[in-house]
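S.K.: Residues 1 to 332 in UniProt numbering are what the sequence shown spells out, letter by letter. We treat Cβ as the ideally placed atom computed from N, Cα and C, and that holds for glycine. Got a structure for you, questions after.
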Amino acid sequence: MKHHPQTLGEFIISNQKDFEYSSGELSRLLNCIRLAAKVVNHEIRQAGLVDITGTVGNVNVQGEEQKKLDVFANNVFINALTNRNIVCGIVSEENEDFITISGANNANRNKYVVVMDPLDGSSNIDAGVSVGTIFGIYRRISPEGTPVTLDDFLQPGNMQVAAGYVIYGTSTMLVYTTGNGVNGFTLNPAIGTYYLSHPNIRMPEQGRVYSVNEGYYVHFPQGVKDYIKYCQKEEDDRPYTSRYIGSMVSDIHRNLIQGGIYMYPKSSEREAGKLRLVYECNPVAFIVEQAGGRATDGYRRILDIKPEHIHERIPLFAGSQKMVEKAESFLH
Ligand code: AHM
Ligand code: MG
């Protein structure tokens, strides 16, 4: 007989003891993120209908054009986290500086800070391709009761207490970890409830998919070129299949489920690659590792790198353990 599926709300409550002792703050924080994601989901699903997808003409801190939905998603998450008085600070891809939450509600007594990319892959929206939200959660290191400091956001990824992403794809899913494995929840849009659809996700040790923007091939370091050639070689279980959506959450999510490697290497055009360490690579690395995979910059474990800036970029090789190790062997 099939059991009644567990909802995300039920799951958070039943697992609370695994990740916090008394306050319930982290549970409230996860609840807040799941609600905000529903609002963003609703808006994204209407994007083509209400012609919301034009650009608003301003440029974000990375010098990239912001799409309206980026701005919308950023506002939804920031407002949800601020109004509910759950965190004491936020870093977002869309904001140049970190956000301090204090004031009336003594929010600077809160324990956690959030780092996020509210809408990753947003250049894809006009083409109907899936996008995602990425988030990481840290316990503050500055004393409670004082305003957050830059150092609260520059902790290495191994200090994350939770991380996750929301994929607004064929279904909308929320996938997260609190350091006890990875679980995925699918939104039933008719009733606005997430159900546990992917309990304890384990990434295959070895996959057959490689995901990289091969358009930059000529700009890649020789080791990356050699690894790509290795993936394409007719030998053993190769050639592998190439899949690159250009929306990291979607590429990572597919590889998490099916096995594979995602790469955004450095190139002669981009010395540090493109992806941001703090709010893109670290949450993804935490999830990938918790699912049994591996995430490095080609040489170092992503989670052990101490960020120097909140918007710092870093090369990323993430995915099935053996595939990432193989890619690294070509770099050395
Ligand atoms: P964004 O944060 O500006 O959306 O950039 C991140 C995205 C990733 O989702 C995706 O994997 C990558 O950029 C694609 O970049 P490129 O077009 O250079 O391959
Ligand atoms: Mg992004």
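What residues come near ligand 1, if near means a beta carbon less than 5 Å from any of its heavy atoms?
M.R.: Here the list is D120, G121, N213, G246, S247, M248.
S.K.: Could you give the first and the last residue of the continuous alpha helix (DSSP H) run that contains P118?
M.R.: Locating residue 118 in the sequence shown gives position 118, counting from the first residue. Segment 112–120 is the beta strand (DSSP E) holding P118; no alpha helix (DSSP H) there.
S.K.: Output the distance between the C-alpha atoms of L35 and V166, rounded to the nearest integer angstrom.
M.R.: Your numbering for residue 35 matches position 35 in the sequence shown. Your numbering for residue 166 matches position 166 in the sequence shown. In a straight line, the C-alpha of L35 is about 11 Å away from that of V166.
S.K.: Does ligand 2 have a heavy atom nearer than 7 Å to the CB of E94?
M.R.: By one-based count along the sequence shown, residue 94 stands at place 94. No - ligand 2 has no heavy atom lying nearer than 7 Å to the Cβ of E94.
S.K.: Give the C-beta separation of D304 and P315 to the nearest angstrom, bearing in mind that I take them to be a contact with Cβ-Cβ under 8 Å.
M.R.: For the purposes of this step, residue 304 is taken as the residue at position 304 of the sequence shown. For the purposes of this step, residue 315 is taken as the residue at position 315 of the sequence shown. No, D304 and P315 are not in contact; Cβ-Cβ is about 15 Å, not under 8 Å.
S.K.: Check I314 in the structure and name its three-state DSSP category.
M.R.: Within the sequence shown, numbered from 1, the residue matching residue 314 stands at position 314. It is coil, neither helix nor strand.
S.K.: Within the chosen definition, does the segment 91–103 reach the segment 146–153 through at least 3 CB pairs nearer than 8 Å?
M.R.: Judged by Cβ distances under 8 Å, the segment 91–103 makes contact with the segment 146–153, as three or more pairs qualify.
S.K.: According to DSSP, which residues form a beta bridge with F168?
M.R.: Along the sequence shown, read from residue 1 onward, the residue named residue 168 stands at position 168. Before going on, a small fix: residue 168 reads as Tyr here, not Phe. Looking at the DSSP assignment, Y168 forms a beta bridge with V131, T172.
S.K.: Just to check, is the beta-carbon of Y251 closer than 7 Å to a non-hydrogen atom of ligand 2?
M.R.: The sequence position of residue 251 within the sequence shown is 251, counting from 1. Here residue 251 turns out to be Asp, not Tyr, going by the sequence shown. D251: no, Cβ never under 7 Å from ligand 2.
S.K.: Over what stretch of residues does the beta strand (DSSP E) that includes M36 continue unbroken?
M.R.: Counting from 1 along the sequence shown, the entry for residue 36 is found at position 36. A quick correction: the sequence has Ala, not Met, at residue 36. Here A36 belongs to no beta strand (DSSP E); instead the alpha helix (DSSP H) covers 25–45.
S.K.: Residue range of the alpha helix (DSSP H) that I257 falls in?
M.R.: As a working note, residue 257 is residue 257 in the sequence shown. Note, I257: alpha helix (DSSP H), 248–258.
S.K.: Give the DSSP-derived three-state secondary structure of S242 in the structure shown.
M.R.: By 1-based counting over the sequence shown, the position of residue 242 is 242. Residue state, collapsed to three classes: strand.
S.K.: Have a look at G121 and E93 and give me their C-alpha separation to the nearest angstrom.
M.R.: Indexing the sequence shown from 1 puts residue 121 at position 121. Indexing the sequence shown from 1 puts residue 93 at position 93. Spanning the two alpha carbons is a distance of roughly 12 Å.
S.K.: What does G136 pair with, by DSSP beta-bridge criteria?
M.R.: Reading the sequence shown from its first residue, position 136 is the one you call residue 136. V115, A163, per the DSSP bridge assignment.
S.K.: Who are the Cβ neighbours of M263 in its own chain at under 6 Å, not counting the five residues just before and after it?
M.R.: To locate residue 263, count along the sequence shown from 1; it is residue 263. The answer, listed in chain order, is V212, F317.
S.K.: For R109 and V224, I'd like the C-alpha separation in whole angstroms.
M.R.: Against the sequence shown, residue 109 aligns to sequence position 109. Against the sequence shown, residue 224 aligns to sequence position 224. One C-alpha to the other measures close to 46 Å.
S.K.: Does DSSP classify I12 as helix, strand or coil?
M.R.: As a first step, residue 12 is located in the sequence shown; it is residue number 12 there, counting from the start. I12 falls in the helix class under three-state DSSP.
S.K.: Since I believe I302 is in contact with G157 (beta carbons under 8 Å), could you give me their beta-carbon distance rounded to a whole number of angstroms?
M.R.: Numbered from its first residue, the sequence shown carries residue 157 at position 157. Numbered from its first residue, the sequence shown carries residue 302 at position 302. Their Cβ separation, rounded to whole angstroms, is 6 Å, which keeps G157 and I302 in contact under 8 Å.
S.K.: Which of the three DSSP states is assigned to R294 in this structure?
M.R.: The residue you call residue 294 lines up with position 294 of the sequence shown. It is a strand residue.
S.K.: If you draw a straight line from the C-alpha of V148 to the C-alpha of N41, how long is it?
M.R.: The residue you call residue 148 lines up with position 148 of the sequence shown. The residue you call residue 41 lines up with position 41 of the sequence shown. If you take the alpha carbons of V148 and N41, they lie about 30 Å apart.
S.K.: Taking its Cβ as the centre, do 16 or more other Cβ atoms sit within 10 Å of A127, making it buried, or is it exposed?
M.R.: Translated into positions along the sequence shown, residue 127 becomes position 127. Burial call: exposed.
S.K.: Would you say the beta carbon of E312 is closer than 7 Å to some non-hydrogen atom of ligand 2?
M.R.: Working through the sequence shown from its first residue, we reach residue 312 at position 312. No.
S.K.: Is the beta carbon of A291 less than 8 Å from the beta carbon of L256?
M.R.: Indexing the sequence shown from 1 puts residue 291 at position 291. Indexing the sequence shown from 1 puts residue 256 at position 256. Yes, the Cβ-Cβ distance between A291 and L256 is below 8 Å.
S.K.: Thinking just about the alpha-carbon of each residue, which of R202, K274, S102 is nearest to the one in T146?
M.R.: Working through the sequence shown from its first residue, we reach residue 146 at position 146. Among R202, K274, S102, the Cα nearest to that of T146 belongs to S102.
S.K.: Expressed to the nearest angstrom, what Euclidean distance is found between the alpha-carbon atoms of L69 and I287?
M.R.: On the sequence shown, residue 69 is found 69 positions in, with the first residue counted as 1. On the sequence shown, residue 287 is found 287 positions in, with the first residue counted as 1. Straight-line Cα distance between these residues: approximately 25 Å.
S.K.: Is it the case that the Cβ atoms of G246 and M323 are separated by a distance below 8 Å?
M.R.: The sequence position of residue 246 within the sequence shown is 246, counting from 1. The sequence position of residue 323 within the sequence shown is 323, counting from 1. No, Cβ-Cβ distance for G246 and M323 is not below 8 Å.
S.K.: Enumerate in chain order the residues of its own chain whose CB-to-CB distance from Y227 is below 6 Å, with the five nearest sequence positions on each side excluded.
M.R.: Here residue 227 refers to the residue found at position 227 when the sequence shown is read from its first residue. Within the same chain, Y227 has close Cβ partners A327, F330.
S.K.: Who are the Cβ neighbours of E312 in its own chain at under 7 Å, not counting the five residues just before and after it?
M.R.: In the sequence shown, counting from the first residue as 1, residue 312 sits at position 312. Result list for E312: R276, L277, V278, in chain order.
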